[in-house]
Amino acid sequence: MATTPNAATPADLAWSPRALLRRLRGADEIAHLITFIAAATLLLITVLLVYQLWVLSAEARTKFGWHFFVTRTWDPVAGQFGALPFIYGTLVTSAVALVLAVPLGVGGAIFLAELAPPGLSSSLTFVSDLLAAVPSVIYGLLGVFLLVPVMRTTIQPFLKRTLGFLPLFQGPAYGIGFLTAGIVLAIMIVPFVLSVSREVLLAVPRDQREAALALGATKWESTWKVVVPAARIGIFGSVFLALARALGETMAVTMVIGNNPRISPSLFSPGYSIAAVLANEFSEATGNLYLSALIELGLVLFLLTFVLNGLARLLIVITTARGSGVLPT
Amino acid sequence: MRIVKLFSVLAVLLLLGTVAIAEGGQVLLNAAGATFPYPIYSKWFDQYHQLHPNVQINYQSIGSGGGIRQLLDKTVDFGASDGPMTDEQLKQASVPILHFPTVLGAAIPSYNIPGVQTDLNFTPDALAGIFLGKITKWNDPAIASANPGVKLPGDDIVVVHRSDGSGTSYIWTDYLSKVSPEWQQKVGKATSVNWPVGLGGKGNEGVSALIQQTPDSLGYIELIYAIQNHLPYGKVKNSSGTFVKADLASVSAAAAAAAKSMPDDFRVSITNPEGKGAYPISSFTWLLIPAKWTDTAKRDVVKDFLKWMMTDGQQSCEALSYAKLPKEVVAKEMKAISKIE
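Taken in order, these protein sequences are the chains called A and B.
Numbering follows the numbering used here, in which position 219 of the first sequence is assigned residue number 231; successive positions increment by one, without gaps.
Numbering follows the numbering used here, in which position 204 of the second sequence is assigned residue number 1403; successive positions increment by one, without gaps.
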């Protein structure tokens, strides 16, 4: 229609916003194309990112090969680079963060979605969303100046007294280290778990709750046995989002982790994470091998996120196949 | 159609702009590099711009490593670094690169020992031993013998170092490499090294926060940061056997002592110099200037700026707590400017 020459219509009307909108509304293929471009761009960015990391890390990859993953030394002066302590630190801090943040976030979401009065629910959600918007450097500074002293003087001695028989809670209490980094990360990711989980819980149809109640279930039984299982996949999704954020967090972690490439079973020990070493050393790195080793660390972080995400998805498939899910979400 | 109109207006504006620039002889220089001298560099570039309104020098403080990389990639006109470029890096450059010392920096030992208020004395052996992890207690004879009358606790020393690559770490490890063969062999000198012991803090602020919060800790901090934040710090024994507390005068004295043996390319380490009043853990920071320029306007501005920086510019140093270049070094650098062509 726009292409047919029409004397009555001014030529540029076909491209006026209103005409464009009409064409968009009417034509599925345009919407299809635009959304496809949006999705393809994401894929393209990811592919380009991996390609760049792969190409730029060539020197370190050929020099160290698979040993890069199992070497504990990180010595820029001697040109010896290994990723193991950084992989370890990244996994340990993220694990601590998830252990603390998931019960808090999911528990909070269940309360806000199912049990709290609506006014309280929306205002608390607002507070939680505010937390998600705080820049990570603020969390890092709060960690250094508030959390670290409390950890050293109170929490770590307490854990030593009560749980000191576990290797996790032994060694000198510096205040900084894996545990402190995990706690700071947990504070940072709770809002993600809470916000997304709450939305998912609210999306479970009302009929489900009413059916459960009609069958004689208590309010809690209907929440725990019907609503939460129905929202399970979405809750998992919120946890992955939080995990991805924890794996890649840079600023807050580097300020409280101790920045020492050490592998120690103790959570009190200072450690190092991949993102932290990149933030610390990239700007001053000289020499091609050093630089390419740092870039390979970036590749490792990407791989780590990829593998963990894959494992998590596998977990969903397995648990869903068992038939514990109530709703086909 | 409206868009076309907008574009033509923009094009005309651009055209007018270019003409104006050409008439005014506008010169825009881009530089990148070290973060440590950033406050004085930005002051200098600003002052120079006020003297010569047609000259604009942009400086990105992205770190010495980044500065060297960008200079080699030719994305900047000149660079800046806290450590001299290595021979290997100089070979990679398409035109020869000249080093020009601009100001001085120093690293100082800062500590937090409950009950100890006095300035502690540190011998080179004590510092190397502590950072190698061989001296672990504050009352170790290597520390106690240099501090008669001070009651040192028998607690473990908590060593704190910089975690981010930094010129301060370079100065510190360069010094330890000179005074301890074992350090040189095991660890070496660089902006980031494989530290035998200790906790890493990010930036001067991270290190000083860790020191202030952790009892029995010892770390090193950039002198300017320590002066501006009134942090307590110790004296270090220099090669003449005197315990010297770092300040602007003792750092300049170290540079003056080194000036006699200054090589022509200025790539020199001045840690552990001779001279009674010289503080031993200090270093120049350098501008990295290409020796050959195709753009003569830019070249003339750079040469003029260097001359100004070494004369009038040096007057701004002390207000910002940077140690000035000694006059011996300035004289030598003035001659070196003629190498830029």
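Just so you know, even glycine gets a beta-carbon here, dropped at the ideal spot from N, CA and C.
Over the uninterrupted alpha helix (DSSP H) stretch that includes T1234 of chain B, give me the two end residues.
Numbered from its first residue, the second sequence carries residue 1234 of chain B at position 35. That residue, T1234 of chain B, is in no alpha helix (DSSP H); it is neither H nor E in DSSP.
So for P1462 of chain B, helix, strand or coil by DSSP?
Counting from 1 along the second sequence, the entry for residue 1462 of chain B is found at position 263. Looking at P1462 of chain B - three-state DSSP - the assignment turns out to be coil, as it is neither helix nor strand.
A231 of chain A to A215 of chain A, Cα distance in whole Å?
Along the first sequence, one-based indexing puts residue 231 of chain A at 219. Along the first sequence, one-based indexing puts residue 215 of chain A at 203. A small correction: the amino acid at residue 231 of chain A is Lys; Ala does not occupy that position in the sequence shown. Approximately 17 Å between the Cα atoms of the pair.
Count the other C-beta atoms from every protein chain shown that fall within 10 angstroms of the C-beta of Q1603 of chain B, then say buried if there are 16 or more, exposed otherwise.
Limits of chain B in this structure are 1200 at one end and 1540 at the other, which puts residue 1603 of chain B out of reach.
Identify the continuous beta strand (DSSP E) that holds L1303 of chain B and give its terminal residues.
The residue you call residue 1303 of chain B lines up with position 104 of the second sequence. Run containing L1303 of chain B: 1296-1311, per the beta strand (DSSP E) assignment.
Please confirm whether I1412 of chain B has its beta-carbon closer than 8 Å to some beta-carbon of chain A.
For the purposes of this step, residue 1412 of chain B is taken as the residue at position 213 of the second sequence. Residue 1412 of chain B is actually Gln in this sequence, not Ile. Yes, Q1412 of chain B lies at the interface with chain A (some Cβ there is under 8 Å from its Cβ).
Considering only C-alpha positions, which residue in the set B:P1236, B:Y1247, B:G1265, B:D1355 is nearest to E296 of chain A?
Within the first sequence, the letter at position 284 stands for residue 296 of chain A. Taking only the C-alpha atoms, the option nearest E296 of chain A is B:G1265.
Using a beta-carbon distance cut-off of less than 8 Å, what residues from the region 1347-1364 of chain B approach chain A?
Against chain A - using a Cβ distance shorter than 8 Å - the residues of the region 1347-1364 of chain B are D1355, V1357, S1362, D1363, G1364.
Which class does F177 of chain A belong to by DSSP, given the choice of helix, strand or coil?
To locate residue 177 of chain A, count along the first sequence from 1; it is residue 165. Correct three-state label for F177 of chain A: coil.
Would you check if the region 1319-1337 of chain B and the region 1279-1291 of chain B touch, i.e. whether three or more CB-CB distances between them fall below 8 Å?
No: the two stretches stay apart, fewer than three of their Cβ pairs being nearer than 8 Å.
Taking buried to mean at least 16 other C-beta atoms within 10 Å of its own C-beta, is A52 of chain A buried or exposed?
Residue numbering aside, residue 52 of chain A sits at position 40 when the first sequence is read from its first letter. By the 10 Å Cβ count, A52 of chain A comes out exposed.
Pick helix, strand or coil for G228 of chain A, following the three-state DSSP scheme.
Walking along the first sequence from the start, residue 228 of chain A turns up at place 216. In the structure shown, G228 of chain A sits in coil (DSSP, three-state: anything other than H, G, I, E or B).
Nearest-angstrom Cα distance between A39 of chain A and S28 of chain A?
The residue labelled residue 39 of chain A in the question sits at position 27 within the first sequence. The residue labelled residue 28 of chain A in the question sits at position 16 within the first sequence. Whole-angstrom Cα-Cα distance: 16 Å.
At 9 Å on the CB atoms, spell out the chain E contacts of D87 of chain A, in chain order.
No chain E appears in the structure shown, which is made up of the protein chains A and B.
For T1301 of chain B versus W1485 of chain B, is the C-beta distance shorter than 8 Å?
For the purposes of this step, residue 1301 of chain B is identified with residue 102 of the second sequence, where counting begins at 1. For the purposes of this step, residue 1485 of chain B is identified with residue 286 of the second sequence, where counting begins at 1. Yes; because the gap between Cβ atoms is below 8 Å, this pair is in contact.
Quick one, which residues of the region 151-166 of chain A are near chain B if we go by CB-CB under 8 Å, in chain order?
If the cut-off is 8 Å between Cβ atoms, the region 151-166 of chain A has V156, F157, V160, P161, R164 near chain B.
Closer than 7 Å by beta-carbon distance: list the chain B residues that pair up with P169 of chain A, in chain order.
Reading the first sequence from its first residue, position 157 is the one you call residue 169 of chain A. Within chain B, no residue comes near P169 of chain A; the closest Cβ sits about 13 Å away, beyond 7 Å.
Evaluate E1222 of chain B with the Cβ neighbour count: other Cβ atoms within 10 Å of its Cβ, from every protein chain shown; 16 or more gives buried, anything less gives exposed.
Against the second sequence, residue 1222 of chain B aligns to sequence position 23. Reliability of the predicted coordinates at E1222 of chain B is poor, the pLDDT of 44 falling under 50, and the value obtained from them is presented with this limitation in mind. Classification of E1222 of chain B: exposed, given that the 10 Å Cβ count is below 16.
For F1483 of chain B, which three-state DSSP category applies?
Residue mapping note: residue 1483 of chain B aligns to position 284 of the second sequence, counting from 1. Three-state result, F1483 of chain B: strand.
Does the beta carbon of A1457 of chain B come closer than 8 Å to any beta carbon on chain A?
Locating residue 1457 of chain B in the second sequence gives position 258, counting from the first residue. No, A1457 of chain B does not count as interfacial toward chain A.
Consult DSSP for F294 of chain A and reduce its assignment to one of helix, strand or coil.
By one-based count along the first sequence, residue 294 of chain A stands at place 282. If DSSP states are grouped into helix, strand and coil, F294 of chain A belongs with coil.
Count the other CB atoms, across all protein chains shown, that sit within 10 Å of the CB of A50 of chain A; report buried if there are 16 or more and exposed otherwise.
Within the first sequence, the letter at position 38 stands for residue 50 of chain A. Exposed, by the Cβ-count rule.
Which bits of chain A does G1399 of chain B rub up against, with CB to CB less than 7 Å?
Residue 1399 of chain B sits at position 200 when you count from the first residue of the second sequence. Residues of chain A passing the Cβ test: G270, N271, N272.
May I ask you to report which of helix, strand or coil DSSP gives A185 of chain A?
Counted from its first residue, the first sequence places residue 185 of chain A at position 173. Correct three-state label for A185 of chain A: coil.
Return the residue from the list A:L327, A:W66, A:L159 that minimises the CA-CA distance to A264 of chain A.
In the first sequence, counting from the first residue as 1, residue 264 of chain A sits at position 252. Here the closest residue by C-alpha is A:L159.
Inspect the CB distances between the region 1356-1365 of chain B and the region 52-68 of chain A and report whether three or more fall short of 8 Å.
Judged by Cβ distances under 8 Å, the region 1356-1365 of chain B makes no contact with the region 52-68 of chain A, as fewer than three pairs qualify.
Between the Cα of G189 of chain A and the Cα atoms of A:G155, A:L327, A:V239, A:R173, which residue gives the shortest distance?
On the first sequence, position 177 is the one that residue 189 of chain A refers to. Checked all of A:G155, A:L327, A:V239, A:R173; the closest Cα to G189 of chain A is A:G155.
DSSP three-state call for N300 of chain A: helix, strand or coil?
For this step, residue 300 of chain A is matched to residue 288 along the first sequence. Helix.
Since I believe E1473 of chain B is in contact with A1445 of chain B (beta carbons under 8 Å), could you give me their beta-carbon distance rounded to a whole number of angstroms?
In the second sequence, residue 1445 of chain B corresponds to position 246, counting from 1. In the second sequence, residue 1473 of chain B corresponds to position 274, counting from 1. That belief does not hold up - the Cβ atoms of A1445 of chain B and E1473 of chain B are roughly 17 Å apart, past 8 Å.
Can you list, in chain order, the residues of its chain whose CB lies under 6 Å from that of N1338 of chain B, leaving out five sequence neighbours each side?
For the purposes of this step, residue 1338 of chain B is taken as residue 139 along the second sequence, with counting starting at 1. Only L1351, G1353 meet the Cβ criterion.
Starting from P282 of chain A, find everything on chain B with Cβ-Cβ shorter than 9 Å and list it in chain order.
Start at 1 with the first residue of the first sequence, and residue 282 of chain A comes out as number 270. Correct list: G1397, L1398, G1399.
So, do the region 63-82 of chain A and the region 237-246 of chain A have three or more beta carbon pairs nearer to each other than 8 Å?
Touching, no.
Compare the C-beta of S1263 of chain B with all C-beta atoms of chain A and state if any pair is closer than 8 Å.
Sequence index remark: in the second sequence, residue 1263 of chain B carries index 64 (1-based). Output row for S1263 of chain B: interface = yes.
Starting from Q1514 of chain B, trace the alpha helix (DSSP H) in both directions and tell me its first and last residue.
By one-based count along the second sequence, residue 1514 of chain B stands at place 315. Here Q1514 of chain B belongs to no alpha helix (DSSP H), and DSSP marks it neither H nor E.
Mind checking M1533 of chain B: buried by the 16 CB within 10 Å criterion, or exposed?
In the second sequence, counting from the first residue as 1, residue 1533 of chain B sits at position 334. Label assigned to M1533 of chain B: exposed.
From A:G176, A:L303, A:L290, pick the residue whose C-alpha is nearest to that of F280 of chain A; which is it?
As a first step, residue 280 of chain A is located in the first sequence; it is residue number 268 there, counting from the start. Among A:G176, A:L303, A:L290, the Cα nearest to that of F280 of chain A is on A:G176.
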